[in-house]
Amino acid sequence: MKWLPVLMMVFALTLCAADVAGTWKATLETPKGSLENTFVFKTDGAKLFGTLSNELLGEVPISDGNVDGDNLSFNITALRDGNEYKVMYKGKMDGKEMKLTMTFPGGTMDLTAKKVG
356 MKWLPVLMMV
366 FALTLCAADV
376 AGTWKATLET
386 PKGSLENTFV
396 FKTDGAKLFG
406 TLSNELLGEV
416 PISDGNVDGD
426 NLSFNITALR
436 DGNEYKVMYK
446 GKMDGKEMKL
456 TMTFPGGTMD
466 LTAKKVG
């Protein structure tokens with residue numbers, strides 16, 4: 356009986372992490388126009404992984420991803436014009452919508468992703 360609360364908590368965390376799994380799309384408004392981003396998230400417990408793709412970067416893997424309830428964070432490492440840089444994402448899910456803040460060299464931007472399908 357002592358294990359019941361622990362098992363319930365693990366099950367609850369797994370359910371929360373599972374909500375993020377799938378394909379999400381977000382449009383990022385840039386000075387050069389709109390840039391559609393596609394996130395494909397997968398989870399393993401509280402670990403988050405997958406890919407981000409857009410026409411500027413192609414497809415890049417997600418690293419250092421975590422899900423804690425409806426909060427998530429992950430990074431990508433991008434290569435642009437011969438330079439490698441890290442972009443950090445933090446956000447919160449609310450059903451089929453996710454508010455993200457991306458932090459990159461030189462600034463931050465907010466975007467909203469919506470679950471596809």
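Whatever position you read off the sequence shown (first residue = 1), add 355 for my numbering. Backbone N, C-alpha and C fix where the C-beta goes; we use that ideal spot for every residue, glycine too. Source: prediction; values computed, not measured.
*asked:* Tell me which residue opens and which closes the beta strand (DSSP E) that aspartate 423 is part of.
replied: Counting along the chain, aspartate 423 sits inside the beta strand (DSSP E) bounded by residues 413–423.
*Have a look at threonine 463 and threonine 456 and give me their C-alpha separation to the nearest angstrom.*
Each residue's alpha carbon lies about 7 Å from the other.
*asked:* Restricting to Cα atoms, I'd like to know which of Tyr444, Val375, Ala381 is closest to aspartate 399.
replied: Its Cα nearest to that of aspartate 399, the residue Val375 stands out among Tyr444, Val375, Ala381.
_Can you list, in chain order, the residues of its chain with a C-beta nearer than 6 Å to that of valine 471? Leave out the 5 residues immediately preceding and following it._
Apart from the 5 residues on each side of it in sequence, valine 471 sits with its Cβ closer than 6 Å to the Cβ of Thr378, Lys380 in its chain, given in chain order.
_Neighbourhood of asparagine 430 by C-beta, 8 Å cutoff - its chain only, sequence neighbours within 5 removed_ = Non-local beta-carbon contacts of asparagine 430 in its own chain, meaning distances under 8 Å to residues more than five positions away in sequence, involve Ile417, Ser418, Asp419, Gly420, Lys441, Val442, Met443, Tyr444 in chain order.
*Go ahead and pull the three-state DSSP assignment for aspartate 436.*
Assignment of aspartate 436 by DSSP, reduced to helix, strand and coil, places it in the coil class.
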